[in-house]
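**Q** First the structure, then my questions, so here it is.
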Amino acid sequence: RREDSLRVYQESLDRAELYSSLVNVTVDAFNIGRNDDAKATAGEAIQLGFKIGLDSDPATGKTLMSALKKLSARLLGPPDNQEALHIIEEAVSFCRHLVKAKTVFTEDLVELLDQLYVCLLGCTGRWSDTLCTAEEAVVLRRKLAETNPDLVKNFMPSLRNLIADFRLCGNYEGALRAYGEAVKLRQMLAERDTQATEDALLVEKEVVELNRTRAAQDEGLAASLSNLTFALGIVGQHEDAVRAGEESVHLYRQDHQGLAVTEEARKFGLALALQNMARSLRATAREDDASHAYEESFKLYRELAEIRPELMAPKCLAVALDLHDVGFNEDALSVSILSVESFRKLGPVADTASFLKALKVTAKILRGLKREDEAEKIEAEITELEAGESPSKQANGDAVEVASSTVV
-1 RREDSLRVYQ ESLDRAELYS SLVNVTVDAF NIGRNDDAKA TAGEAIQLGF
49 KIGLDSDPAT GKTLMSALKK LSARLLGPPD NQEALHIIEE AVSFCRHLVK
99 AKTVFTEDLV ELLDQLYVCL LGCTGRWSDT LCTAEEAVVL RRKLAETNPD
149 LVKNFMPSLR NLIADFRLCG NYEGALRAYG EAVKLRQMLA ERDTQATEDA
199 LLVEKEVVEL NRTRAAQDEG LAASLSNLTF ALGIVGQHED AVRAGEESVH
249 LYRQDHQGLA VTEEARKFGL ALALQNMARS LRATAREDDA SHAYEESFKL
299 YRELAEIRPE LMAPKCLAVA LDLHDVGFNE DALSVSILSV ESFRKLGPVA
349 DTASFLKALK VTAKILRGLK REDEAEKIEA EITELEAGES PSKQANGDAV
399 EVASSTVV
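Have a look at this one:
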């Protein structure tokens, strides 16, 4: 038995040495331009790697992954597109095998998926595979970003690819989800890395361009321009923000019969676009224009809150949270107040948890603005609600009075 164990161990060493040698030959062949030899030895290395790869030196596997990616990139283009695709598909398959046991290969897999994505873009009829590749890259980069904050900015290119693919496949709901994640990521990057934020703005700009390919009166373009206005304002590009805002407002004002949304959704979109534009108008010293935009924006918000409080309560709360997260506290307060008022109109049928959240957000913003007395009134109501007591009619009235006095 001891002899058998030694024999198995020696065979394992021999295979590990052979695997390492094949990888080295692949790299050498690639470096001197002998692509056919590189392909042949890489194929052997992968076959052997499936058998021993989990026990091999990770550095050897990483070297092979890098060589395969470079070889695929070199062959990409007529007449070797299919060869390039075949090589990278084999590499991805092998790397997935390695990742199951050693997460150290996750970054290598993401890089291979990026190359696979490029290869698939050049293949007719492979949009479904292209989309799946983009989704897999996003999932992996999200995991990497969760464990290593330094990798967060590398997440944005994968999201950008995914947004584009969802759009090209006509999956606008999927694109919207990816876009929402991109916006949140961009907001986080804004606090940490100016250059990364500039790069992230490409997402909003590309979404706008993709939307331009749709009908001129499609609400998607108006909404994308409004989001771009918001994003540009965060990084201080106010002149560009105003231009994007003006186009968004213009589209929302057009004959809305062509928009694939309800009249209420159009009004809400217009109100949000006006508010986003008003901040940058004010930042560029166009105070009169900013005041008019704010006035119209909150007039629309209030009209909607009167007729559809069940719609405006959660919508205004979401907007308030976004504005507060990026430091636009005056605007956030006005919208959070409308959320609170809308929840009040709903009475007993209101979602208590959401109502409490709206009250807490409002109190937090008031504290941030040093409006301590008003914050205390809201906090007293929060205490009553959390204790299971119904707030008094007078308390409600006081809170509304405080809130109403703050709206632009």
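Mapping the sequence shown onto the numbering used here, position 75 (from 1) lands on 73, and the numbers just tick up by one.
Virtual Cβ for every residue (Gly too), placed ideally from N, Cα, C.
Can you give the beta carbon distance from R94 to L107, rounded, assuming they're within the 8 Å contact cut?
**A** Their Cβ separation, rounded to whole angstroms, is 6 Å, which keeps R94 and L107 in contact under 8 Å.
**Q** Spatial neighbours of A135 within its chain, please: CB distance less than 6 Å, with the 5 preceding and 5 following residues excluded, ordered by chain position.
**A** Excluding positions up to five away in sequence, the list reads V108, L111 and S156.
**Q** Quick one: grab the DSSP three-state call for G345.
**A** Looking at G345 - three-state DSSP - the assignment turns out to be helix.
**Q** Threshold first: 4 residues or longer. Then list the alpha helix (DSSP H) segments lying entirely within the stretch 258 to 317, N to C.
**A** Fully enclosed alpha helix (DSSP H) runs of 4 or longer: 261 to 281 and 285 to 305.
**Q** Near E15, which residues of its chain fall below 7 Å by C-beta distance, leaving aside the five closest residues on each side in sequence?
**A** Excluding residues within five positions, none has a Cβ falling inside 7 Å.
**Q** To which residues of the same chain is L302 closer than 8 Å at the C-beta, ignoring the five residues directly before and after it?
**A** For L302, where only same-chain residues beyond five positions count, the Cβ hits under 8 Å are E262, K265, F266, A269, L309 and M310.
**Q** Report yes if the CB atom of S295 is closer than 8 Å to the CB atom of C314, and no otherwise.
**A** Their beta carbons are not under 8 Å apart, which means S295 does not touch C314 by this criterion.
**Q** Rounded to whole angstroms, what is the Cα-Cα separation between L138 and L66?
**A** Roughly 20 Å between the two C-alpha positions.
**Q** Where does F92 land, buried or exposed, given buried means 16+ other C-beta within 10 angstroms?
**A** Its Cβ being crowded by 16 or more others within 10 Å, F92 is buried.
**Q** State the DSSP-derived secondary structure class of K368, mapped to helix, strand or coil.
**A** The answer is coil: DSSP assigns K368 none of H, G, I, E or B.
**Q** How close, in whole Å, do the beta carbons of M275 and T227 come, if the pair is a contact with beta carbons under 8 Å?
**A** Their Cβ separation, rounded to whole angstroms, is 6 Å, which keeps M275 and T227 in contact under 8 Å.
**Q** State the CB to CB distance for the pair L367 and L336, rounded to an integer number of angstroms; the pair is presumed to be in contact (CB under 8 Å).
**A** In fact, because the Cβ distance is near 17 Å, the residues do not count as touching under 8 Å.
**Q** Near G231, what residues of its chain come up, given a Cβ to Cβ distance below 6 Å and the 5 sequence neighbours on each side ignored?
**A** A239, R277 and S278, listed in sequence order.
**Q** Within 10 angstroms of the Cβ of E293, are there 16 or more other Cβ atoms? Answer buried if so, exposed if not.
**A** Its Cβ having fewer than 16 others within 10 Å, E293 is exposed.
**Q** I'd like to know whether the C-beta atoms of Y17 and T58 end up nearer to each other than 8 Å.
**A** Yes, the Cβ-Cβ distance between Y17 and T58 is below 8 Å.
**Q** Distance, Cα to Cα, F326 vs E384?
**A** Going by the C-alpha atoms only, they are around 28 Å apart.
**Q** When you compare only the Cα positions, how much space is there between G31 and E133?
**A** Taking the straight line joining both Cα atoms gives about 33 Å.
**Q** Nearest to A221 by CA position, among Y250, G234 and C117, is which residue?
**A** Minimum Cα distance to A221 is reached at Y250.
**Q** Confirm, please, whether the CB-CB distance from S334 to A318 is below 8 Å.
**A** In this structure, S334 lies closer than 8 Å to A318 by Cβ.
**Q** Let me check understanding here. Comparing Cα to Cα, which of C117, D55 and Y115 lies closest to A407?
**A** Absent from the structure is residue 407, since the part of the chain shown begins at -1 and ends at 406.
**Q** For the alpha helix (DSSP H) that F326 lies in, which residues bound it at each end?
**A** Run containing F326: none; DSSP gives neither H nor E here.
**Q** Looking at the unbroken alpha helix (DSSP H) that takes in K67, where does it start and where does it end?
**A** Start and end: P56 to L73.
**Q** Could you have a look at N29 and say whether DSSP puts it in helix, strand or coil?
**A** N29: helix per DSSP, three-state reduction.
**Q** Could you tell me which of E144, L20, E42 and G386 sits nearest to L346, measuring between CA atoms?
**A** In the sequence as presented, Leu is not what sits at residue 346; that position holds Pro. That would be G386, whose Cα lies nearest to the Cα of P346.
**Q** So, is Q80 buried or exposed, given that buried needs 16 or more other C-beta atoms within 10 angstroms?
**A** Exposed, because fewer than 16 other Cβ atoms sit within 10 Å of the Cβ of Q80.
**Q** Relative to the C-alpha of L344, which residue among D323, E372, P312 and E285 is closest?
**A** Here the closest residue by C-alpha is P312.
**Q** In terms of residues, what are the limits of the alpha helix (DSSP H) holding R241?
**A** Here the alpha helix (DSSP H) through R241 covers H236 to R251.
**Q** Using 8 Å as the threshold, is the C-beta distance between I85 and L96 below it?
**A** Taking 8 Å as the Cβ cut-off, I85 and L96 do not qualify as a contacting pair.
**Q** Output needed for H322: all residues of its chain with C-beta closer than 7 Å, excluding positions within five of it in sequence on either side, in chain order.
**A** A330, V359 and I363.
**Q** Under a Cβ-count criterion, where at least 16 other Cβ atoms within 10 Å of its own Cβ denotes burial, should I305 be classed as buried or exposed?
**A** Its Cβ having fewer than 16 others within 10 Å, I305 is exposed.
**Q** Hey, could you find the ends of the alpha helix (DSSP H) A89 is sitting in?
**A** That run of the alpha helix (DSSP H) goes N79 to A99.
**Q** Mapping the DSSP letters down to three states, classify R140 as helix, strand or coil.
**A** DSSP places R140 in helix when its eight states are reduced to three.
**Q** Does DSSP put N146 in a helix, in a strand, or in coil?
**A** Note: N146 maps to coil in three-state DSSP.
**Q** Who are the Cβ neighbours of K355 in its own chain at under 8 Å, not counting the five residues just before and after it?
**A** Cβ within range, chain order: L315.
**Q** Rounded to whole angstroms, what's the CA-CA distance from K49 to G243? Just pull it up for me.
**A** C-alpha separation (whole angstroms): 58 Å.
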